[in-house]
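Peer 1: Residue numbers (our numbering): 139 to 422.
#1: Determine the contact status of residue 301 and residue 250, defining contact as a CB-CB distance below 7 Å.
#2: Please classify residue 156: does DSSP put it in a helix, a strand, or coil?
#3: Please state if the CB of residue 191 and the CB of residue 212 are separated by a distance shorter than 7 Å.
#4: Roughly how many angstroms separate the alpha carbons of residue 230 and residue 160, rounded to a whole number?
#5: Measure from the alpha carbon of residue 283 to the alpha carbon of each residue in 293, 257 and 299, then state which is nearest.
#6: Taking just the CA atoms, how far does residue 405 sit from residue 355?
#7: Do the stretch 307-322 and the stretch 355-370 make contact, defined as three or more Cβ pairs closer than 8 Å?
#8: Would residue 140 be called buried (16 or more neighbouring beta carbons within 10 Å of its own) or exposed?
#9: Decide if residue 252 is buried, meaning its Cβ has at least 16 other Cβ atoms within 10 Å, or exposed.
#10: Would the C-beta of residue 305 count as close to the ligand MN, meaning under 6 Å from any of its heavy atoms?
#11: Taking buried to mean at least 16 other C-beta atoms within 10 Å of its own C-beta, is residue 88 buried or exposed?
#12: Give me whichever residues DSSP pairs with residue 175 in a beta bridge.
#13: Tell whether a beta-carbon distance below 7 Å holds between residue 304 and residue 244.
#14: Touching or not, the stretch 378-390 and the stretch 175-184, by the rule of three or more beta carbon pairs under 8 Å?
#15: Under three-state DSSP, which class holds residue 404?
#16: Leaving aside the five residues before and after residue 351 along the sequence, list all residues of the same chain whose C-beta is less than 6 Å from its C-beta, in chain order.
#17: Which residue from 195, 335, 177 and 290 puts its Cα closest to that of residue 239?
#18: Looking only at its own chain, which residues have a Cβ that is under 6 Å from the Cβ of residue 323, when we skip the five neighbours before and after it?
#19: Could you name the residues of the same chain whose beta carbon sits closer than 6 Å to that of residue 267, not counting the 5 residues immediately before and after it, in chain order?
#20: So for residue 163, helix, strand or coil by DSSP?
This is the structure we're talking about:
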């Protein structure tokens, strides 16, 4: 489906000319791969695992909202985050992935153009996608659960929790502070089996020991997301925690590789790269 998207002109430019050059020199030199040690809360218990955050830039078609691979379509550069989690719950395993695409030109496109999430476990799988529109968001949900099943609907103007991770990396001064409407992260809504909707949230930022701490609190959910990141550019995310009535999920940065062309490292001998990230050579 083709969506007609219109950029919203708000605020100031992402940075001044010097900062813009620094940003592009860093983000257009290859992918950044981060591995986190994960303690995932699920079924009232803590489960060890690992998470990977892969940041990479690419051209993105604005109307079609897919990677610009050929032709002369209207496109913009985006910073993409592929956020993966792997953990086991007793006998069976979970694999999740969320991909979010936020334009580099935040003054012209202040929100992500698209985010999608897939969740796989031994029971089945679910898929969720949210696309930017002129007035808000188009939402698509596919799930093996009868209560969720196939859904398509729209949301009015609001923030997406899943786009805020990229805003941390590009321009944390633009993070929403105080009271605002926000759609909770896709993994949370899928794990909690709750509706995808914008709800009241409160954001705050503090600074300590050369790190900033961004906190989002959802009063109606009694849920808090806390993101720790370096104060200085490129604002590396060092840790995050998610806390609600069911428990606390924690992830701590352990390894990081910069300037990677991982997409070309697909031969058996390239498996050693996984060891550098603290991962086993064979996919788990």
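Virtual Cβ for every residue (Gly too), placed ideally from N, Cα, C.
Peer 2: Let me spell this out:
#1: Note that the C-beta distance between residue 301 and residue 250 is below 7 Å.
#2: For residue 156, the predicted structure reports a pLDDT of 33, less than 50, and the residue's modelled location is therefore unreliable. A value from the coordinates is still provided. Judged by DSSP in its simplified three-state form, residue 156 adopts helix.
#3: Cβ atoms of residue 212 and residue 191: not closer than 7 Å.
#4: Between residue 230 and residue 160, the C-alpha separation is close to 44 Å.
#5: Among 293, 257 and 299, the Cα nearest to that of residue 283 belongs to 257.
#6: If I take the Cα positions, the gap works out to 44 Å.
#7: Between the stretch 307-322 and the stretch 355-370 there are three or more C-beta pairs closer than 8 Å, enough to call the two in contact.
#8: Low confidence applies here, because residue 140 scores a pLDDT of 42, under 50, leaving its location unreliable and the question unanswered by this model.
#9: Residue 252 is buried by the Cβ-count criterion.
#10: Ligands are entirely absent from the displayed structure, and the ligand MN is therefore not among its contents.
#11: A question about residue 88 goes unanswered here, because the residues of the chain that appear run from 139 up to 422.
#12: According to DSSP, which records beta bridges pairwise, residue 175 is partnered with 188 and 390.
#13: Going by C-beta atoms, residue 304 is not nearer than 7 Å to residue 244.
#14: Taking a contact to require three or more Cβ pairs closer than 8 Å, the stretch 378-390 and the stretch 175-184 qualify as touching.
#15: For residue 404, the secondary structure class from DSSP, reduced to helix, strand or coil, is coil.
#16: If we look at residue 351 and ignore the five residues flanking it on each side, its Cβ neighbours are 344 and 366.
#17: Cα-wise, what sits closest to residue 239 is 195.
#18: Correct list, in chain order: 299 and 300.
#19: Excluding residues within five positions, the ones whose Cβ falls inside 6 Å are 254 and 278.
#20: Residue state, collapsed to three classes: helix.
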